[in-house]
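Okay, structure first, notes after.
There are 4 protein chains.
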Amino acid sequence: MANYIFSLEMEVRDYECDLQGIVNNANYQHYTEHTRHEFLRAHGVSFAELHTRGIDAVVARMQLQFKTPLRSADRFVSRLALRKEGIKYVFQQDIFRLPDERPVLKSTVEAVCLVDGKLSDCEELNRLVP
Amino acid sequence: MANYIFSLEMEVRDYECDLQGIVNNANYQHYTEHTRHEFLRAHGVSFAELHTRGIDAVVARMQLQFKTPLRSADRFVSRLALRKEGIKYVFQQDIFRLPDERPVLKSTVEAVCLVDGKLSDCEELNRLVP
Amino acid sequence: MANYIFSLEMEVRDYECDLQGIVNNANYQHYTEHTRHEFLRAHGVSFAELHTRGIDAVVARMQLQFKTPLRSADRFVSRLALRKEGIKYVFQQDIFRLPDERPVLKSTVEAVCLVDGKLSDCEELNRLVP
Amino acid sequence: MANYIFSLEMEVRDYECDLQGIVNNANYQHYTEHTRHEFLRAHGVSFAELHTRGIDAVVARMQLQFKTPLRSADRFVSRLALRKEGIKYVFQQDIFRLPDERPVLKSTVEAVCLVDGKLSDCEELNRLVP
Chain A
694 MANYIFSLEM EVRDYECDLQ GIVNNANYQH YTEHTRHEFL RAHGVSFAEL HTRGIDAVVA
754 RMQLQFKTPL RSADRFVSRL ALRKEGIKYV FQQDIFRLPD ERPVLKSTVE AVCLVDGKLS
814 DCEELNRLVP
Chain B
694 MANYIFSLEM EVRDYECDLQ GIVNNANYQH YTEHTRHEFL RAHGVSFAEL HTRGIDAVVA
754 RMQLQFKTPL RSADRFVSRL ALRKEGIKYV FQQDIFRLPD ERPVLKSTVE AVCLVDGKLS
814 DCEELNRLVP
Chain C
694 MANYIFSLEM EVRDYECDLQ GIVNNANYQH YTEHTRHEFL RAHGVSFAEL HTRGIDAVVA
754 RMQLQFKTPL RSADRFVSRL ALRKEGIKYV FQQDIFRLPD ERPVLKSTVE AVCLVDGKLS
814 DCEELNRLVP
Chain D
694 MANYIFSLEM EVRDYECDLQ GIVNNANYQH YTEHTRHEFL RAHGVSFAEL HTRGIDAVVA
754 RMQLQFKTPL RSADRFVSRL ALRKEGIKYV FQQDIFRLPD ERPVLKSTVE AVCLVDGKLS
814 DCEELNRLVP
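Protein chains in written order, with our numbering: chain A, 694 to 823; chain B, 694 to 823; chain C, 694 to 823; chain D, 694 to 823.
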């Protein structure tokens, strides 16, 4: 059980569903990316503004487990935990359907920071690690 | 000035921005489609459920005017007006940036109903026309 | 009948289809944008590189008529005509299903050039107008 | 080194790039999904047609390693290997930039078959396992 430090509620949009009538898998990456960026913003850090300053957080690895597919109009909550391992920022990002809290996605996202294209530590992100 | 009968507030998600750093135009179609479907849902009509019953609302024509580009993290409101012209449902859908209400998109979307693939009137939608 | 000066063949990808089992409308904007950018590239102009030089071609207006929906695995050709009207670049972009050449989309896309954010003429695009 | 049994060449489309100027990660899932579906089609199996028959191949797990980001107009090849583990179909899907063959993505995708919603074996896919 992760120590979630941020959560974001969203709702499936019909255009995110594919011909199987369920949310296309790629959209779960959109959901988790949006959750990370909203987490940053909640702490006054803008992903877009970091980029203009030459600081890019990039995903190096991702592990995804798809538990239950989301469907048209489903509400869900996207939860985030964060720890640091060496130079890597390891996000555990899990999605649960609402209101029944049924697990939808379990994922681990490892990100690193590039400053002017070079791998390096990032003070803006370090501040956010519990 | 349109007689808007529905509005939906949203926020730009970073993955919707392209290499120009502004929301990619195709996403405005996503925003307006999602607004129409939420408008239906607010009246108890599910686009997905209509489809399973063989009723498909499809867009026949669209006119879009792009006024001001949205950027990362911008909030906006998507407003909708609806009238019927013969067998066509004509949605006027305009988007305004928040909080300054600056016009972002002015659009007209003409939709028709296909029942089992044949053009026909749709009681579920007729009920929603003011 | 337009004087097409460029055409690009593509194929529907399943993730572009939505729960109606047909290509989601927003993807036609992706198809036409990609066609414009490939047209530029065919003449040695890179949309991305223009952007890095402060030159942004942006769409001001768009008119779309949806004739026949594309489905999973459909092949199609996207054709482009171009004329200039004052400071506007007017693209007529039509899509036809293959091999039967059935009309899928008829569209008109009006673009303008921003240089360092200011509306202005763009030599790189002027060269491409027949 | 995987025993690739299928490969597909593609090219980055500008709308797939985000505000960092590189392909947004979610699009790599689109690339790998499209590659799997093209692999099926090359063997006369249609993902969409399977769905209409109540047979759905769904992804249960995915591991992604992002090596080098793709950029505007990059060409790349998406390669696929397949093995079966019990009831799971394990795809190794790797993407390499062209022409320099630089590794872009290394991924493992585990899929299972649902027939009328129930986990079961799928003859159409079994035939494709080397």
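C-beta atoms are modelled at their ideal positions from N, C-alpha and C, and glycine is treated no differently.
Nothing here was measured: the structure is a model prediction, and the numbers come from that model.
Roughly how far, in whole angstroms, is the beta-carbon of residue i from the beta-carbon of residue j, given that I think they are within contact range, below 8 Å?
| i | j | result |
| --- | --- | --- |
| A/E816 | A/A753 | Wrong, their Cβ atoms sit about 19 Å apart, outside the cutoff. |
| C/L812 | C/L757 | Their Cβ separation, rounded to whole angstroms, is 24 Å, which puts C/L812 and C/L757 out of contact at 8 Å. |
| B/Y708 | D/A719 | 7 Å |
| A/R790 | A/F759 | The Cβ separation is near 12 Å, so there is no contact. |
| D/G747 | D/D814 | That belief does not hold up - the Cβ atoms of D/G747 and D/D814 are roughly 14 Å apart, past 8 Å. |
| D/T728 | D/S800 | Actually they are not in contact, since the Cβ atoms of D/T728 and D/S800 sit about 10 Å apart, beyond 8 Å. |
Quick one: Cα of residue i to Cα of residue j, how far?
| i | j | result |
| --- | --- | --- |
| D/H736 | D/L821 | 8 Å |
| C/L818 | D/D787 | 37 Å |
| D/E778 | A/M755 | 22 Å |
| C/V705 | C/Y697 | 22 Å |
| B/V805 | C/N717 | 16 Å |
| D/Y782 | D/A750 | 9 Å |
| C/A695 | C/Q785 | 7 Å |
| B/P792 | C/P796 | 42 Å |
| C/H723 | D/L807 | 32 Å |
| D/I715 | D/E794 | 18 Å |
| A/I686 | B/Q713 | No answer is possible for residue 686 of chain A: the residues shown for chain A start at 694 and end at 823. |
| A/F732 | B/C710 | 18 Å |
| D/T745 | B/T761 | 42 Å |
| C/H730 | D/P823 | 40 Å |
| B/R734 | D/R734 | 37 Å |
Closer than 8 Å: is that where the CB of residue i sits relative to any heavy atom of the ligand FMN?
| i | result |
| --- | --- |
| A/R729 | Judged by which ligands are present, the structure shown has none, so any question about the ligand FMN falls away. |
Does the CB of residue i have a neighbour CB from chain E at under 9 Å?
| i | result |
| --- | --- |
| D/D749 | Checking the listed chains, one finds no chain E in this structure; the protein chains it contains are A, B, C and D. |
>> Against chain B, which members of the segment 720-731 of chain C pass a CB distance test of less than 9 Å?
In response: Listed in chain order, the positions of the segment 720-731 of chain C with a beta carbon within less than 9 Å of a beta carbon of chain B are N720, Y721, Q722, H723 and E726.
>> Does the contact criterion of 3 or more C-beta pairs under 8 Å hold for the segment 698-707 of chain C versus the segment 767-774 of chain C?
In response: Short answer: they touch.
>> Pairs of beta-carbons, one from the segment 734-749 of chain D and one from the segment 759-768 of chain C, closer than 8 Å: are there three or more?
In response: With a cut-off of 8 Å on Cβ pairs, the segment 734-749 of chain D is in contact with the segment 759-768 of chain C, counting three or more such pairs.
>> So if I threshold CB-CB distances at 8 Å, which residues from the segment 754-767 of chain B count as touching chain C?
In response: Those residues of the segment 754-767 of chain B that come within reach of chain C (Cβ to Cβ, closer than 8 Å) are R754, M755, Q756, L757, Q758, F759 and P762.
> What are the complete alpha helix (DSSP H) segments, minimum 4 residues, inside the segment 731-802 of chain A?
Replying inline: Every alpha helix (DSSP H) stretch that sits fully inside the segment 731-802 of chain A and reaches 4 residues is listed by chain position as 740-745.
>> Under 9 Å, CB to CB, which of the residues in the segment 795-820 of chain B have a partner in chain D?
In response: For chain D, none of the residues of the segment 795-820 of chain B brings a beta carbon within less than 9 Å of one of its beta carbons.
>> Closer than 9 Å between beta carbons: that is the criterion. Which residues of the segment 699-717 of chain D meet it against chain B?
In response: Those would be D707, Y708, E709, C710, D711, L712, Q713, G714, I715 and N717, in chain order.
>> Which residues of the segment 772-788 of chain B have a Cβ closer than 7 Å to any Cβ of chain A? Give them in chain order.
In response: Hits within the stretch: zero.
> According to a CB-to-CB cut-off of less than 7 Å, which residues of the segment 733-747 of chain B neighbour chain C?
Replying inline: Flagged, chain order: A741 and H744.
> Along the chain, which unbroken stretches of the alpha helix (DSSP H) at least 4 residues long are found entirely within the segment 699-730 of chain A?
Replying inline: Runs of the alpha helix (DSSP H) inside the segment 699-730 of chain A: none found.
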